[in-house]
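A.B. asks: Have a look at this one.
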Amino acid sequence: MFFNKKIMQEMFGNELSLAAVGEIDAVEFLTAIKTVHFIMQNIVAEKMLNIVEVEQVEKEASAFDDYDRENGYEDEDEQPEENQWKVCGEIVDRVVKIAIRLLKNSYSQCMKENIVTLLDYLKFELDTINENQ
């Protein structure tokens, strides 16, 4: 609950104290938090996961899959699918590092930038990386 209050406080430009945020009507509070969640999940996360276009590889079923599984011949190097939010966190770390290097921004400047703008810039850089060579 503390982090939700901090998010609300940030949304109001730190003009409200945590106590004042705690007195906000519950419906307004939940609506604001759900809006932040929607933006993160449906806009920012989607943009992050589409920075690099990766062709999905489908695994075809084989007549011997059950036999392999029973006898321990299953591929051990197959990794379970990674958590989407973990991947997004790693992308944010890399975007910040790239923004610091390419845009000559400080860490605090990067934290104030619009994440969608930074992601668009990163996608542009990745798409055009081979044009100058």
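Under the working numbering, think of the first position of the sequence shown as 71, with each following residue one higher. Yeah, the Cβ is synthetic: ideal placement off N, Cα and C, and Gly gets one too. What you are looking at is a predicted structure, and each value in this text was computed from that prediction instead of being measured.
Using a threshold of 8 Å, state whether the C-beta atoms of residue 96 and residue 81 are closer than that.
C.D. replies: Within the sequence shown, numbered from 1, the residue matching residue 96 stands at position 26. Within the sequence shown, numbered from 1, the residue matching residue 81 stands at position 11. Not a contact, by the Cβ cut-off of 8 Å.
A.B. asks: Inspect the beta-carbon positions of residue 157 and residue 188 and report whether they are closer than 8 Å.
C.D. replies: For the purposes of this step, residue 157 is identified with residue 87 of the sequence shown, where counting begins at 1. For the purposes of this step, residue 188 is identified with residue 118 of the sequence shown, where counting begins at 1. Contact: no.
A.B. asks: Which of the three DSSP states, helix, strand or coil, is assigned to residue 174?
C.D. replies: Counting from one through the sequence shown, the residue named residue 174 turns up at place 104. Three-state DSSP puts residue 174 in coil, outside helix and strand.
A.B. asks: Which whole-angstrom value is the C-beta distance of residue 78 and residue 91, which I expect to be below 8 Å?
C.D. replies: Locating residue 78 in the sequence shown gives position 8, where the first residue counts as 1. Locating residue 91 in the sequence shown gives position 21, where the first residue counts as 1. Between residue 91 and residue 78 the Cβ distance is about 5 Å, and since that is below 8 Å, they are a contact.
A.B. asks: Could you check what DSSP says for residue 198 in three-state terms: helix, strand or coil?
C.D. replies: Looking up residue 198 in the sequence shown gives position 128. Here residue 198 sits in coil by DSSP.
A.B. asks: What is the C-beta distance between residue 185 and residue 114, in whole angstroms, given that I count them as a contact (C-beta under 8 Å)?
C.D. replies: Residue 185 sits at position 115 when you count from the first residue of the sequence shown. Residue 114 sits at position 44 when you count from the first residue of the sequence shown. Yes, they are in contact, since the Cβ atoms of residue 185 and residue 114 sit about 6 Å apart, within 8 Å.
A.B. asks: Residues in its own chain within less than 8 Å of residue 175 by CB, not counting five upstream and five downstream?
C.D. replies: Along the sequence shown, read from residue 1 onward, the residue named residue 175 stands at position 105. Contacts found: 169 and 183.
A.B. asks: Along the chain, where does the alpha helix (DSSP H) containing residue 94 start, and where does it finish?
C.D. replies: Position 24 of the sequence shown holds residue 94. Unbroken run through residue 94: none, as it is neither H nor E.
A.B. asks: Hey, residue 192 and residue 121 are a contact pair by Cβ (cut 8 Å); roughly how many whole angstroms apart?
C.D. replies: Locating residue 192 in the sequence shown gives position 122, where the first residue counts as 1. Locating residue 121 in the sequence shown gives position 51, where the first residue counts as 1. So it is a contact: roughly 6 Å between Cβ atoms.
A.B. asks: Measuring alpha carbon to alpha carbon, tell me which residue in 197, 112, 106 and 99 is nearest residue 154.
C.D. replies: As a working mapping, residue 154 is identified with position 84 in the sequence shown. Here the closest residue by C-alpha is 112.
A.B. asks: Determine the direct distance from the alpha carbon of residue 172 to that of residue 87, and round the result to whole angstroms.
C.D. replies: What you label residue 87 is simply residue 17 of the sequence shown in a count that begins at 1. What you label residue 172 is simply residue 102 of the sequence shown in a count that begins at 1. Computed Cα separation, rounded: 37 Å.
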